[in-house]
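Numbering follows the numbering used here, with no gaps: position 72 of the sequence shown is 72.
For glycine and all other residues, C-beta sits at the position ideal for the given N, C-alpha and C.
Shown next, in structure tokens, is the structure this report addresses.
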Amino acid sequence: MSERHDIQEAILKNWANLGYITSSRINDQLFLDDESLDAYLEAHKRLGLEAGYLSKIVEEKKLERDFIISKYDDLLYVLRTQKTCKPLYEIIIRELAALILHPVARNVFYSISTGESVAKVAGRHRITYGKTLQMYNSILKGLKLKKDILATYRKRAINARFLSLADNNKNINVGQEEWILQLPVCKIADTRLANILYNQDVRTVKDLLEIVSGRGWKSLLRIEGVGKTSYYHLLSKL
């Protein structure tokens with residue numbers, strides 16, 4: 001049969017073992033079904049079977065395999081990253097929870113957001129499962145409305161701290177804060193902004209704070225030559 005179809009006997013045996021063609025075995029002799037073999041070969045001819053066809057399929061499958069592996073590699077990386085960042089996420093969630101005034105709502109938000117089951121949280125507070133979900137979704141919507149507060153939190157914290165330093169710089173007794181006040185502006189501003197401030201007789205952080213304590217931080221943007229990029233770079237350094 002292998003000679004009739006010009007196919008190696010080993011290949012025919014392999015096809016039979018894989019179940020591609022019908023076969024039977026008597027003692028150690030393998031018998032192939034002619035009709036099954038003809039149908040198998042005809043099917044591949046219709047698909048355009050040629051010398052390099054199977055190798056093309058193999059290459060395509062290899063590419064598919066590599067793509068699937070890469071996707072799972074990405075997923076594993078994300079999972080490992082999430083595990084590493086979990087303590088940071090908990091800090092952020094705790095800070096968000098601090099914006100919630102009602103103690104039960106605050107605990108519901110924090111507990112579910114850090115992975116505790118909804119059923120367990122509901123049981124602890126003696127409320128229904130559905131009510132707990134409704135409360136959690138309502139809290140999320142409320143926090144969404146406060147997104148501007150969160151977005152400007154760091155900036156407002158910087159303003160509050162350094163304006164406080166500016167208002168009380170004559171009474172500073174803490175060495176660490178004193179050296180901050182004496183820091184040259186070139187250490188916290190880019191070269192362009194530092195030169196502009198020097199021309200305004202602003203040479204140290206203390207000089208800078210004395211200006212903004214009365215006029216506000218955005219008054220710096222009104223100085224000729226000061227751009228938003230330099231301004232926000234300065235704030236980030238502070």
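Original post:
Is it the case that the Cβ atoms of residue 140 and residue 193 are separated by a distance below 8 Å?
Top reply: no
Original post:
What first and last residue would you give for the alpha helix (DSSP H) that runs through residue 25?
Top reply: Counting along the chain, residue 25 falls outside any alpha helix (DSSP H), though it belongs to the beta strand (DSSP E) covering 23–26.
Subject >> Beta-carbon contacts of residue 106 that lie in its chain and below 7 Å, excluding the five residues immediately before and after >> reply: 97 and 100
Original post:
Does the Cβ of residue 67 have 16 or more other Cβ atoms within 10 Å, making it buried, or fewer, making it exposed?
Top reply: exposed
Original post:
Which same chain residues, not among the five before or five after residue 143, have their C-beta less than 7 Å away from its C-beta?
Top reply: 96 and 99
Subject >> residue 230 versus 189, 8, 72 and 138, residue with shortest Cα-Cα distance >> reply: 189
Original post:
Under the rule that 16 or more other beta-carbon atoms within 10 Å means buried, what is residue 119, buried or exposed?
Top reply: exposed
Subject >> 8 Å Cβ cutoff met for residue 205 and residue 185 >> reply: yes
Original post:
Any idea what DSSP makes of residue 204, helix, strand or coil?
Top reply: strand
**OP:** Can you have a look at residue 11 and say buried or exposed, based on whether 16 or more other CB atoms are within 10 angstroms of its CB?
**Re:** exposed
Subject >> Distance, residue 32 Cα to residue 38 Cα >> reply: 11 Å
Original post:
With a CB to CB cut of under 8 Å and the five nearest residues on each side skipped, what residues in its chain are close to residue 121?
Top reply: 107, 108, 111, 112 and 132
Original post:
Do you know offhand how far residue 215's Cα is from residue 224's?
Top reply: 16 Å
Original post:
Is it buried or exposed for residue 170, if we count other Cβ within 10 angstroms and need 16 for buried?
Top reply: Confidence in residue 170 is poor, its pLDDT being 47 and thus under 50, which makes the residue's placement unreliable; the coordinate value appears in the next sentence. Burial call: exposed.
Subject >> Anticipated Cβ contact below 8 Å, residue 30 with residue 13, distance rounded >> reply: 6 Å
**OP:** Could you have a look at residue 29 and say whether DSSP puts it in helix, strand or coil?
**Re:** strand
Original post:
To which residues does DSSP link residue 184 through a beta bridge?
Top reply: 204
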